[in-house]
Every structure is written in structure tokens, then in C-alpha cells.
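Note that the sequence shown covers residues 20 to 272 in my numbering. Below is one structure, written out as C-alpha cells; the observations come after it.
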Amino acid sequence: MKIENNEFTVTNKKAYKEIRTFKENTVQKVFDFAYEMSYGQGEHRVHRSGGELKRKNGQIFTNTFQGKLAELAIYNEFFSLNKEAFFQLSQPDFNVYGLGKWDDFDLSLGETIFSIKSTKFYGNLLLLETKDWDTNAQYIPNLKKTETSHYDYIILVRIAEDIESVMKQNGLLYSNEVDKERLFNIINEYKWSYDIPGYITHNDFVNIIKNEQIIPKGAILNGKTTMDAENYYEETGKLKDFFELVKSLNKLF
């Protein structure tokens with residue numbers, strides 16, 4: 020990362036290399052889920068932890084759609100690379116929740132917990148909001164709940180197309196209402212695919228926190244994006260190989 024004054028420029032990148040595309044029925048299922056979690060009965064967190072932007076339903080749909088595709092991308096690769104581990108994974112959760120269930124997607128393999136983060140296909144940073152994590156890399160929103168606050172692995176998945184741009188081009192990103200059929204027809208015009216640039220371990224994250232690898236709120240990222248919240252970061256070029264991890268996971272169960 021090149022840092023000059025309040026400007027941060029990613030230097031250690033990993034080029035997007037499509038692994039595979041999602042099947043039409045998968046896109047349909049993810050669409051239905053994301054629609055219900057945004058425009059429908061479910062509700063997601065309206066504010067990011069350290070951010071000031073109040074999210075519209077179009078933004079919530081965007082984040083949920085991208086995040087759920089990312090989760091299913093990980094399932095795809097487990098199935099492809101390690102079927103024994105795949106059949107021990109927790110199942111995808113398509114239940115529609117009310118306020119308090121965030122758009123972060125977690126998987127478990129025995130006692131091992133994976134957190135899946137998503138970004139656009141051209142993204143080259145794993146970003147984790149500082150206000151969500153304590154100094155031991157425990158997830159603060161879950162510390163007082165029965166849900167896990169400790170993640171053994173945090174995996175980054177990149178999704179193409181750029182759903183945010185698709186929504187923005189159609190005047191829907193900041194919408195609170197949209198006809199479901201109209202939105203699906205827009206989504207269905209595109210091919211949806213993914214790659215997985217890598218992961219960090221819990222210990223990696225502890226070191227990131229210790230070393231204060233932080234992009235401050237208000238900083239300029241790559242010359243154009245103003246950060247809405249303070250984030251820990253790791254560049255994609257420094258992430259560990261996800262595929263080797265999956266192949267080696269038999270020892271965990």
C-alpha cells in the first residue's frame with residue numbers, strides 16, 4: 020500500500036481470474052433472498068458500524084445479493100476441491116431475518132468457522148471495519164450473543180458483474196421500492212461469476228490489528244473513493260491461497 024498524506028493507493032494487487040459462473044437457478048434463489056431481505060419483510064443493518072450513510076433498500080439489496088453469491092461461491096469450490104469436507108459444511112442459510120441479522124455470511128466445518136467477505140470484481144482490498152473488532156480480532160456485535168465472535172479464516176470473494184453499478188445505472192441503488200419482476204429482469208441480463216483471491220487466518224488478523232493496518236475514515240482510496248468508515252485492510256496480493264486451504268481441510272473433522 021502506498022500512503023501519502025491522506026491518500027491510500029493499492030500496490031499489491033491480484034488480477035481477477037474468473038473461476039466459474041453461477042447457474043441460473045442459483046442466481047434466481049439468491050435474487051429472491053436478497054429481495055426479501057431488502058424490499059420485502061427482512062431488514063438489515065441500516066448504518067455501517069463506523070459509517071454515516073443510511074442505507075436505502077436498493078443498497079441493502081446490492082450488498083445482500085453480492086454477499087450471498089460470495090457464500091455460494093465458497094460452497095462451489097468446496098464441492099469441486101474437497102467433497103469430503105463439503106458434505107460436513109454447514110448449510111447455506113436462506114432464512115429471511117429481521118433487524119439485527121447482518122449481511123455477513125459465515126460457514127462452519129466442525130469447530131472451524133469461516134467468515135466470507137465480498138467485493139466487486141476489480142476490488143483489491145479485504146476491508147474490515149475497525150469498530151466491529153476488538154484487539155483480539157473478536158467480532159464485537161456477537162460478543163454478547165450466542166453467535167460466534169471468533170473466526171478462524173476470513174475469505175475474500177470477488178463478484179462480477181458489479182451489482183452496485185448495475186443498480187446505479189438503472190436508477191435503483193437508492194430506491195426503497197421497486198417491482199420485483201422488473202428488478203429480476205435487469206439482474207438476469209448479466210452473467211454472474213466469481214474469483215477467490217484468498218484469505219487471512221485469525222492470527223493474521225490479530226497482526227493486522229497490532230500493526231495498525233488501517234485506512235482512516237475520510238481517507239482517499241486509489242485517488243477517487245472517500246472512505247465512509249475506518250477499516251483494517253489487507254491487499255489481495257498478500258492473501259493466502261484459498262484452494263490449497265480447502266484441499267488440506269480433512270484434518271479438521
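A virtual CB, placed ideally from N, CA and C, is assigned to each residue, including glycine. Here the structure is a predicted model, which means the values were calculated and not measured.
Local conformation of residue i per DSSP, three classes
i: Ala-125; result: Reading off the sequence shown, one finds Asp at residue 125, where the question assumed Ala. It is a strand residue.
i: Glu-148; result: strand
i: Met-20; result: coil
i: Ser-212; result: strand
i: Gly-119; result: Only weak support exists for where Gly-119 lies, its pLDDT of 48 falling under 50; the value from the coordinates is given anyway. DSSP places Gly-119 in coil when its eight states are reduced to three.
i: Ala-104; result: helix
i: Asn-195; result: coil
Unbroken beta strand (DSSP E) run spanning residue i, endpoints
i: Lys-136; result: 131-139
i: Ala-179; result: 172-179
Nearest neighbour of residue i, chosen from the options [CA to CA]
i: Ile-205; options: Asn-195, Glu-23, Met-186, Asn-76; result: Met-186
i: Gln-85; options: Phe-105, Ser-109, Ile-135, Leu-108; result: Ile-135
i: Leu-147; options: Gln-188, Thr-131, Met-246; result: Met-246
i: Leu-202; options: Pro-216, Ile-182, Ser-212, Asn-24; result: Ile-182
i: Thr-167; options: Leu-126, Phe-140, Glu-55; result: Leu-126
i: Gly-59; options: Thr-220, Ala-238, Asn-195; result: Asn-195
i: Lys-36; options: Gly-142, Val-115, Lys-266, Glu-26; result: Gly-142
i: Asn-114; options: Glu-55, Phe-133, Val-197, Lys-33; result: Glu-55
i: Tyr-170; options: Thr-244, Phe-50, Phe-133; result: Phe-133
i: Leu-240; options: Tyr-218, Leu-144, Asn-230, Thr-255; result: Leu-144
i: Asn-250; options: Ala-156, Asn-189, Asp-51; result: Ala-156
i: Lys-314; options: Gly-237, Leu-264, Gly-242; result: Residue coverage of the chain in this structure runs from 20 to 272, which leaves residue 314 outside it and unanswerable.
i: Glu-26; options: Thr-244, Ile-93, Thr-131; result: Thr-244
i: Lys-259; options: Asn-269, Ala-248, Phe-224; result: Phe-224
i: Ile-38; options: Asn-24, Asn-76, Glu-23, Ile-93; result: Ile-93
i: Leu-91; options: Val-176, Asn-230, Asp-153, Glu-200; result: Val-176
i: Glu-200; options: Gly-77, Trp-152, Asp-51; result: Asp-51
i: Glu-130; options: Leu-108, Lys-75, Lys-139; result: Leu-108
i: Ala-34; options: Lys-139, Arg-74, Val-46; result: Lys-139
i: Ile-79; options: Val-197, Pro-160, Gln-110, Thr-149; result: Val-197
i: Asn-24; options: Ala-238, Thr-255, Leu-264; result: Ala-238
i: Leu-264; options: Lys-236, Thr-220, Lys-229; result: Thr-220
Assumed close pair residue i, residue j - CB separation to whole angstroms, cut-off 8 Å
i: Asn-10; j: Lys-257; result: Outside the displayed range of the chain (20 to 272) lies residue 10, so it cannot be described from this structure.
i: Ala-53; j: Thr-83; result: 4 Å
i: Ser-137; j: Ala-179; result: Not quite, the Cβ-Cβ distance comes to about 11 Å (not below 8 Å), so this is no contact.
i: Glu-253; j: Gln-232; result: 7 Å
i: Ile-174; j: Ile-227; result: Contact doesn't hold; Cβ gap of about 15 Å is too wide.
i: Leu-162; j: Thr-81; result: 28 Å between Cβ atoms; not a contact.
i: Leu-128; j: Leu-268; result: 6 Å
i: Phe-262; j: Tyr-218; result: Contact doesn't hold; Cβ gap of about 10 Å is too wide.
i: Lys-266; j: Asn-101; result: 6 Å
C-beta neighbour in chain D for residue i, strict 7 Å
i: Glu-130; result: The question asks about chain D, but that chain is absent: this structure has only one protein chain.
Where the alpha helix (DSSP H) containing residue i begins and where it ends
i: Leu-191; result: No alpha helix (DSSP H) contains Leu-191, which DSSP labels as neither H nor E.
i: Leu-162; result: 159-162
i: Asn-204; result: 199-206
**Report entry** Segments of 4+ residues assigned as alpha helix (DSSP H) that fall wholly inside the stretch 220-264
**Finding:** With a minimum length of 4 residues, the continuous alpha helix (DSSP H) runs that stay inside the stretch 220-264 are 221-229.
Report task. Kindly provide the ranges of any alpha helix (DSSP H) runs that are 4 or more residues long and lie completely inside the stretch 24-99, ordered along the chain. Result -> Complete alpha helix (DSSP H) runs here, min 4: 43-57.
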